[in-house]
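Peer 1:
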Amino acid sequence: MSELSVEHLLGIKYLSTSDINLIFETADNFKQVINRPIKKVPSLRDITIANLFFENSTRTKLSFELAEKRLSADVVNFSSSSSSVTKGETLVDTVNNILAMKVDMVVMRHPFPGAGVFLSKNVDSKIINAGDGAHEHPTQALLDSYSIRERMGDVARKKVVIVGDILHSRVALSNIFCLQKLGAEVCVCGPKTMIPKHIESLGVKIELDLQKALNWCDVANMLRIQRERLEINYFPSTREYSMLYGLNNEVLDSLDKEIVIMHPGPINRGVEITSEVADSDHAIILDQVENGVAVRMAVLYLLAQKIRH
Amino acid sequence: MQKRTLLNTRAFELTVNRLCYQLIENYQDFQDAIIVGIQPRGIYLSKRIIERLKEINPSTHVIDGSLDITFYRDDFRRGNEPLTANKTEMNHLVENKKVILVDDVLFTGRSVRSAMDALLDFGRPKQVELLVLIDRRFSRHLPIQPNYVGSKIDSISSERVEVKWKETGGKDSVVLLMKKDQNE
Numbered sequence: 025m026s027e028l029s030v031e032h033l034l035g036i037k038y039l040s041t042s043d044i045n046l047i048f049e050t051a052d053n054f055k056q057v058i059n060r061p062i063k064k065v066p067s068l069r070d071i072t073i074a075n076l077f078f079e080n081s082t083r084t085k086l087s088f089e090l091a092e093k094r095l096s097a098d099v100v101n102f103s104s105s106s107s108s109v110t111k112g113e114t115l116v117d118t119v120n121n122i123l124a125m126k127v128d129m130v131v132m133r134h135p136f137p138g139a140g141v142f143l144s145k146n147v148d149s150k151i152i153n154a155g156d157g158a159h160e161h162p163t164q165a166l167l168d169s170y171s172i173r174e175r176m177g178d179v180a181r182k183k184v185v186i187v188g189d190i191l192h193s194r195v196a197l198s199n200i201f202c203l204q205k206l207g208a209e210v211c212v213c214g215p216k217t218m219i220p221k222h223i224e225s226l227g228v229k230i231e232l233d234l235q236k237a238l239n240w241c242d243v244a245n246m247l248r249i250q251r252e253r254l255e256i257n258y259f260p261s262t263r264e265y266s267m268l269y270g271l272n273n274e275v276l277d278s279l280d281k282e283i284v285i286m287h288p289g290p291i292n293r294g295v296e297i298t299s300e301v302a303d304s305d306h307a308i309i310l311d312q313v314e315n316g317v318a319v320r321m322a323v324l325y326l327l328a329q330k331i332r333h
Numbered sequence: 149m150q151k152r153t154l155l156n157t158r159a160f161e162l163t164v165n166r167l168c169y170q171l172i173e174n175y176q177d178f179q180d181a182i183i184v185g186i187q188p189r190g191i192y193l194s195k196r197i198i199e200r201l202k203e204i205n206p207s208t209h210v211i212d213g214s215l216d217i218t219f220y221r222d223d224f225r226r227g228n229e230p231l232t233a234n235k236t237e238m239n240h241l242v243e244n245k246k247v248i249l250v251d252d253v254l255f256t257g258r259s260v261r262s263a264m265d266a267l268l269d270f271g272r273p274k275q276v277e278l279l280v281l282i283d284r285r286f287s288r289h290l291p292i293q294p295n296y297v298g299s300k301i302d303s304i305s306s307e308r309v310e311v312k313w314k315e316t317g318g319k320d321s322v323v324l325l326m327k328k329d330q331n332e
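Going line by line, the protein sequences match chains A and B. Start counting at 1 in the first sequence, then tack on 24, and there's your number in the working numbering. Start counting at 1 in the second sequence, then tack on 148, and there's your number in the working numbering.
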């Protein structure tokens, strides 16, 4: 019998390796559930979950909402554009108002790093971080590692390269923590302007040459260039980025082995990855999306278990 | 802790045998039937029954499955112990099938209720029957009765029935564990 060591999912940083493994084992069961004709279980039928998205999101929100509904939870959605936030209300007030309507769990995406941690200290509810600024995006990292485990049997001792904008990416940071906790080796690759200073202190390898990075790795996780976060030009042109860091068939053919290709979406076809590669058998991009629902169901289920009557 | 043996290895074998013949009487060639073990402990009995049915008539083909009821339990967030799920292996839908649910011990009936809920997510069965090795009488919380019973016992709630299997390193047997009287 086991349960999570944490009360909230704020970041991978706070999880233990056995927490991650428990989430994966539970997700195995839910993956089976979502592949049946009736894709639903009644576990969370007396739980209400609020999805608070203070930043745009399509697939994460959809994935969470599906996960919640497949656990039979009641769901309310809230996005900042249609809320009182624009009228000057503070985060704690907004959330407390929602909790006053008897909400048990909060899934939150927020542009500010640490928003989830702040909220967990100030309100009485289970908080799940669905992305906080450039800090963490724990469920994405969990589903990425889960997909590697599913495809390759295990995550331990695998070599994973994360390619792209490491500087602005919460996916990269959460992935680094998660992969390392599971015993994988991690390398980051991208233009020097997009590799954060001192990132080697996290114990990751830095490689500026994509070809070398790919020759080293078993799995390549290609990140999207997040134009919306780029306040200055970090590289001369998209064309140049795509020439140096884009994944195409020629680059893959030049390797002496087959590697697994991942992408957290949404894909900019022709920029970080070409259509042929994204649609090839090496890519597990759509498996990641499917696994996302199962992993999020596992997280919600395991945290809900800690809400006592 | 005091122990009392309810079924020794010989009686255990005879009981499983009798249950198999009772099933054969009602299902003959097991067409349209599906034997479903309730996780975690019911699957030992369901596997044993299928094994034995094949020994009795080697041409018997029985569809089987194992059903995990964790996500359907009515004590989620109510007990002190966290609930951990087991594997569900249902490779066939139960739509229009005659289902025989199998568990080792029937006590409050709550597991069976959960199992019936879980089962319905795999289709609408034509009929559901319940087979148990041990029926702890007079302790039901729900109106659930078994169709096939290995052995009936009367016990109080502080006592525990333990079914041991050779598959898990023990000898096939059933024992009743009783807490010692505190005054002793």
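Just so it is clear, CB atoms sit at the ideal spot from N, CA and C, and this is done for glycine as well. Please read these numbers as outputs of a predicted model, since none were measured by experiment.
Anything in chain A within Cβ reach of aspartate 212 of chain B, meaning under 9 angstroms, just list it in chain order.
Peer 2: None at all; the shortest Cβ gap to chain A is about 17 angstroms.
Peer 1: Sort B:Gln150, B:Asn165, B:Arg152, B:Lys151 by Cα distance to leucine 281 of chain B and report the nearest one.
Peer 2: Cα-wise, what sits closest to leucine 281 of chain B is B:Asn165.
Peer 1: Would you kindly work out how many angstroms separate the C-alpha atoms of serine 303 of chain B and arginine 83 of chain A, rounded to a whole number?
Peer 2: 54 angstroms
Peer 1: Please look up how many angstroms separate the CB atoms of alanine 371 of chain A and isoleucine 285 of chain A, rounded, as I've assumed it's under 8 angstroms.
Peer 2: Nothing in the structure corresponds to residue 371 of chain A, since chain A is present only between 25 and 333.
Peer 1: Please state whether the Cβ-Cβ distance between aspartate 128 of chain A and isoleucine 331 of chain A is less than 8 angstroms.
Peer 2: yes
Peer 1: Which term fits leucine 343 of chain A, buried or exposed, when burial requires 16 or more other beta carbons within 10 angstroms of its beta carbon?
Peer 2: Any answer about residue 343 of chain A is impossible in this case: the structure gives chain A only from 25 up to 333.
Peer 1: Just checking: is the beta-carbon of threonine 166 of chain B within a distance shorter than 8 angstroms of some beta-carbon in chain A?
Peer 2: Note that residue 166 of chain B is arginine in the sequence shown here, rather than threonine. Not closer than 8 angstroms to any Cβ of chain A, the Cβ of arginine 166 of chain B fails to qualify, so no.
Peer 1: Residues of chain B with a CB under 9 angstroms from the CB of threonine 50 of chain A: which are they?
Peer 2: Thr232, Ala233
Peer 1: Excluding sequence positions up to five away, which residues of its chain have a Cβ less than 7 angstroms from the Cβ of serine 259 of chain B?
Peer 2: Ile186, Ile217, Asp251
Peer 1: List the residues of chain B that glutamine 204 of chain A touches, going by C-beta distances under 8 angstroms, in chain order.
Peer 2: Under the 8 angstroms cutoff, chain B gives no residues; its nearest Cβ is about 26 angstroms from glutamine 204 of chain A.
Peer 1: On the criterion of 16 or more Cβ atoms from any shown chain inside 10 Å, does leucine 162 of chain B qualify as buried, or is it exposed?
Peer 2: exposed
Peer 1: Using CA atoms only, rank isn't needed, just tell me which of A:Ser225, A:Ile186, A:Ile249 is closest to aspartate 233 of chain A.
Peer 2: A:Ile186
Peer 1: Is it right to say arginine 133 of chain A is buried, meaning 16 or more other beta carbons lie within 10 angstroms of its own, or is it exposed?
Peer 2: Under the 10 Å beta carbon count, arginine 133 of chain A is surrounded by 16 or more other beta carbons and is classified as buried.
Peer 1: For threonine 84 of chain A, which of helix, strand or coil comes out of DSSP?
Peer 2: Looking at threonine 84 of chain A - three-state DSSP - the assignment turns out to be helix.
Peer 1: Residues of chain A with a CB under 9 angstroms from the CB of aspartate 269 of chain B: which are they?
Peer 2: Listed along chain A, the residues sitting closer than 9 angstroms to aspartate 269 of chain B by beta-carbon distance are Val57, Arg60, Pro61, Ile62, Lys63, Lys64, Val65.
Peer 1: Please list the partners that leucine 241 of chain B has in chain A, where partner means a Cβ-to-Cβ separation under 8 angstroms.
Peer 2: Pro61
Peer 1: Verify whether the separation of the beta carbon atoms of tyrosine 258 of chain A and threonine 217 of chain A is less than 8 angstroms.
Peer 2: yes
Peer 1: Which bits of chain B does isoleucine 331 of chain A rub up against, with CB to CB less than 8 angstroms?
Peer 2: Within chain B, the residues Arg225 have their CB atoms less than 8 angstroms from the CB of isoleucine 331 of chain A, given in chain order.
Peer 1: So with Cβ pairs under 8 angstroms, would you call aspartate 251 of chain B a contact of chain A?
Peer 2: no
Peer 1: Leaving aside the five residues before and after valine 131 of chain A along the sequence, list all residues of the same chain whose C-beta is less than 6 angstroms from its C-beta, in chain order.
Peer 2: Asn75, Phe88, Ile152, Ala154
Peer 1: Does the Cβ of glutamate 31 of chain A have 16 or more other Cβ atoms within 10 Å, making it buried, or fewer, making it exposed?
Peer 2: Result: exposed.
Peer 1: Apart from the five residues just before and just after proline 137 of chain A, which ones in its own chain have a Cβ nearer than 7 angstroms to its Cβ?
Peer 2: Asp156, Gly157, Ala158, His159
Peer 1: Let me see if you follow: with CB-CB separation under 8 angstroms, is glutamate 282 of chain A close to chain B or not?
Peer 2: So, not an interface residue.
Peer 1: For methionine 238 of chain B, count neighbouring Cβ atoms within 10 angstroms of its own Cβ and tell me buried if that reaches 16, exposed if not.
Peer 2: In summary, methionine 238 of chain B is buried, with 16 or more beta-carbon neighbours lying within 10 Å of its beta-carbon over all protein chains present.
Peer 1: For glutamate 307 of chain B, tell me which candidate among B:Thr157, B:Lys195, B:Phe255, B:Asp177 has the shortest Cα-Cα distance.
Peer 2: B:Phe255
Peer 1: Hey, quick one: how far does the beta strand (DSSP E) through glutamate 231 of chain A stretch, first residue to last?
Peer 2: For glutamate 231 of chain A, the enclosing beta strand (DSSP E) starts and ends at 229-231.
Peer 1: If you compare alpha carbons, which of A:His222, A:Ala165, A:Leu191, A:Ala208 is closest to valine 313 of chain A?
Peer 2: Ranking A:His222, A:Ala165, A:Leu191, A:Ala208 by Cα distance to valine 313 of chain A puts A:Ala165 first.
Peer 1: Does the CB of serine 26 of chain A have a neighbour CB from chain B at under 8 angstroms?
Peer 2: The beta-carbon of serine 26 of chain A is placed less than 8 angstroms from the nearest beta-carbon of chain B.
Peer 1: Given threonine 298 of chain A, which residues of its chain have a CB within under 6 angstroms of its CB, disregarding the five upstream and five downstream residues?
Peer 2: For threonine 298 of chain A, where only same-chain residues beyond five positions count, the Cβ hits under 6 angstroms are Asn272.
Peer 1: When you compare the segment 32-44 of chain A with the segment 196-207 of chain A, are there three or more beta-carbon pairs, one atom per stretch, that lie closer than 8 angstroms?
Peer 2: yes
Peer 1: Does DSSP classify glutamine 187 of chain B as helix, strand or coil?
Peer 2: coil
Peer 1: Between which two residues does the beta strand (DSSP E) holding arginine 133 of chain A run?
Peer 2: Element bounds for arginine 133 of chain A: 129-134.
Peer 1: Can you find a CB in chain A that lies within less than 8 angstroms of the CB of phenylalanine 219 of chain B?
Peer 2: yes
Peer 1: Closest to histidine 209 of chain B by C-alpha separation, out of B:Arg152, B:Asp180, B:His289, would be which residue?
Peer 2: B:Asp180
Peer 1: Taking the alpha carbon of arginine 189 of chain B as the reference point, which residue from B:Thr316, B:Pro273, B:Leu154, B:Val323 has its own alpha carbon closest?
Peer 2: B:Thr316
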